[in-house]
Ligand code: TXA
Ligand code: MG
């Protein structure tokens with residue numbers, strides 16, 4: 001259990017420009033005072049994250065969040081009313097108070113109100129915005145438990161990394177409920193556009209604000225070649241994906257490989273992880289399963305893709321980023 005004193009200590013550390021990892025409903029975040037360039041610099045160092053990848057700012061409520069953007073359009077009013085606190089991030093024009101380093105020099109900022117009691121308690125006690133990317137090293141799988149966060153940063157502690165650039169504290173709020181990162185929606189264009197799919201789907205958003213577009217790479221997902229592939233959220237073990245129609249071509253047993261299958265257990269494969277046949281439950285467990293497999297020293301991981309249907313969109317997006325397409329050589 002996290003007590004009041006833990007929150008107070010976390011707030012003190014954050015005010016001192018240190019990093020504190022905290023749970024959200026999606027994944028664990030690596031938090032820093034969003035108004036301090038020095039603290040934000042530490043996030044980039046701790047993660048090994050390229051400076052051109054902007055951060056998400058977290059707020060205790062939408063009234064506070066809107067003070068950090070110069071435009072609060074009708075869509076934002078509606079979406080915040082329906083989905084906040086929750087796994088939706090909105091991109092809007094930023095105020096000057098937010099340092100450029102937080103937004104990679106962009107004139108826009110990504111903001112959200114997370115739906116997790118500990119995160120909200122921390123944000124209220126801190127009284128300002130916390131910049132928090134997922135609490136993993138850059139390009140690794142996002143953490144969904146406090147233990148995952150410890151694993152991520154144990155290595156850099158062992159390597160003798162400068163202590164102040166590592167998380168000074170990890171607030172443990174158990175396993176994350178959603179399991180994959182928030183939906184990111186850009187509200188700076190004429191037509192709101194999904195930049196990253198998540199639990200809140202395009203259909204959910206359309207019900208509230210009407211027209212919603214999708215960034216091309218999200219729609220095109222399947223057709224991307226491995227070379228162009230954005231490597232993100234990926235295990236270290238080579239990970240291959242295949243569609244159910246390719247089952248006949250994949251013989252993982254020959255190589256002692258493991259297959260993640262969303263639907264049925266396919267008898268001729270020995271080592272199968274039967275993932276839930278429900279997008280929300282699948283998402284909740286996905287990163288923990290990938291991490292576990294990654295720790296097993298396997299030669300490769302094979303993933304049978306869930307059906308190409310809208311409700312599986314966010315899970316397929318993360319799987320596509322984590323893998324390369326299987327092809328018969
Ligand atoms: O669920 C989440 O969103 C988690 C938890 C901790 O809140 N955070 C998270 O942060 O996933 P991160 O840094 O791993 O991902 C931030 C995403 C990136 O895809 C980034 O490119 C996008 O948000 N982003 C941030 N600021 C942006 C901006 N101004 N314009 C467009 N995209 C932006
Ligand atoms: Mg991330």
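Residue numbers (this note's numbering): 1 to 329.
Backbone N, C-alpha and C fix where the C-beta goes; we use that ideal spot for every residue, glycine too.
Q. Any chance the segment 272–291 sits against the segment 138–147, with 3 or more Cβ pairs inside 8 angstroms?
A. yes
Q. In its own chain, which residues sit with a C-beta less than 6 angstroms from the C-beta of residue 38, not counting the 5 before and 5 after it?
A. Reading the chain shown from its first residue, position 38 is the one you call residue 38. 17.
Q. Going by DSSP, which residues form a beta bridge with residue 213?
A. Taking the chain shown and counting its residues from 1, one reaches residue 213 at position 213. Answer by DSSP bridge pairing, in chain order: 193.
Q: Report yes if the C-beta distance between residue 209 and residue 75 is below 8 angstroms; otherwise report no.
A: Counting from one through the chain shown, the residue named residue 209 turns up at place 209. Counting from one through the chain shown, the residue named residue 75 turns up at place 75. In this structure, residue 75 lies closer than 8 angstroms to residue 209 by Cβ.
Q) What is the rounded straight-line gap between the Cα of residue 46 and the Cα of residue 30? A) Along the chain shown, read from residue 1 onward, the residue named residue 46 stands at position 46. Along the chain shown, read from residue 1 onward, the residue named residue 30 stands at position 30. Going by the C-alpha atoms only, they are around 9 angstroms apart.
Q.
Below 8 angstroms on the Cβ atoms is my contact criterion, and I expect residue 152 with residue 135 to pass it. Report the Cβ-Cβ distance as a whole number of Å.
A. The sequence position of residue 152 within the chain shown is 152, counting from 1. The sequence position of residue 135 within the chain shown is 135, counting from 1. Contact flag correct, Cβ pair sits at about 7 angstroms.
Q | Cut-off 6 angstroms between Cβ atoms - residues of its own chain near residue 21, not counting five sequence neighbours on either side | A | Translated into the one-based positions of the chain shown, residue 21 becomes position 21. Excluding residues within five positions, the ones whose Cβ falls inside 6 angstroms are 28, 30, 135, 149, 167 and 170.
Q | residue 318, DSSP secondary structure in three states | A | What you label residue 318 is simply residue 318 of the chain shown in a count that begins at 1. If DSSP states are grouped into helix, strand and coil, residue 318 belongs with the helices.
(Q) Excluding the 5 residues flanking residue 59 on each side, which residues of the same chain have their C-beta closer than 7 angstroms to its C-beta? (A) Counting from 1 along the chain shown, the entry for residue 59 is found at position 59. Closer than 7 angstroms at Cβ, skipping near neighbours: 65, 111, 113, 123 and 129.
Q) Helix or strand or just coil, what does DSSP make of residue 146? A) Translated into positions along the chain shown, residue 146 becomes position 146. Residue 146 falls in the helix class under three-state DSSP.
Q) Can residue 187 and residue 73 be called in contact, C-beta distance under 8 angstroms? A) The sequence position of residue 187 within the chain shown is 187, counting from 1. The sequence position of residue 73 within the chain shown is 73, counting from 1. Yes, Cβ-Cβ distance for residue 187 and residue 73 is below 8 angstroms.
Q: Return the chain-ordered ranges of every alpha helix (DSSP H) run that is complete within the segment 73–157 and spans a minimum of 4 residues.
A: Counting only runs of 4 or more residues that sit fully inside the segment 73–157, the alpha helix (DSSP H) segments are 74–83 and 117–126, in chain order.
Q) If residue 57 and residue 80 are in contact, beta carbons under 8 angstroms, what's the gap, nearest whole angstrom? A) The count along the chain shown starts at 1 and reaches residue 57 at position 57. The count along the chain shown starts at 1 and reaches residue 80 at position 80. Residue 57 to residue 80, Cβ: 14 angstroms. No contact.
Q: Using only alpha-carbon positions, find the residue among 194, 107 and 198 that is nearest to residue 211.
A: The residue given as residue 211 occupies position 211 in the chain shown. Of 194, 107 and 198, the residue nearest in Cα terms is 194.
Q: Report the partner residues of residue 33 according to the DSSP bridge assignment.
A: In the chain shown, the residue the question calls residue 33 occupies position 33. For residue 33, which the question treats as bridged, DSSP gives the partners 130.
Q | Whole-number beta carbon distance between residue 109 and residue 103, since they are thought to touch under 8 angstroms | A | For the purposes of this step, residue 103 is taken as residue 103 along the chain shown, with counting starting at 1. For the purposes of this step, residue 109 is taken as residue 109 along the chain shown, with counting starting at 1. Correct: roughly 5 angstroms between the Cβ atoms.
Q | Rounded C-alpha distance that separates residue 88 from residue 313 | A | In the chain shown, residue 88 corresponds to position 88, counting from 1. In the chain shown, residue 313 corresponds to position 313, counting from 1. Answer to the nearest angstrom: the Cα atoms are 15 angstroms apart.
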